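Residue numbers (my numbering): 12 to 81. Cβ atoms here follow ideal geometry from the backbone N, Cα and C, with glycine treated the same way. Quick caveat, the model's predicted, so the values are computed rather than measured.
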Amino acid sequence: MEIKVYVLPGGTVQIFVDGQVSFAQAQQITQAVIAQLQASGVAFSAVGTVEQHKDGVTHVHVHGGVHVGH
């Protein structure tokens with residue numbers, strides 16, 4: 012399994028879970044990554060729904076900016 016987290020210009024974050032995991036597992040992993048980022052002080056103004064684009068791959072779009080707490 013591979014987890015990729017991208018921070019795009021404008022503050023949008025995309026999380027990709029690739030590998031031999033079910034959509035349900037990928038949803039749980041994505042939600043855990045979001046929770047870990049929030050626990051680290053990253054504040055999200057909005058979180059989109061987890062979307063499945065093909066078997067074993069999922070990503071979530073986080074819209075509205077990411078603000079890192081210092």
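Within 8 Å, strictly: CB atoms of residue i and residue j
| i | j | result |
| --- | --- | --- |
| Gln38 | Val16 | no |
| Phe55 | Gln49 | yes |
| Val18 | Val24 | yes |
Cβ shell of residue i (< 6 Å), same chain only, five flanking positions each side left out
| i | result |
| --- | --- |
| Ile14 | Val28 |
| Gly21 | none |
| Gln42 | none |
Own chain residues within Cβ distance below 8 Å of residue i, not counting five before or after
| i | result |
| --- | --- |
| Val44 | Ile14, Val16, Ile26 |
Quick one: which unbroken beta strand (DSSP E) runs of 3-plus residues sit fully inside the stretch 13-61? Chain order, please.
-> Runs found: 13-18, 24-29, 53-55.
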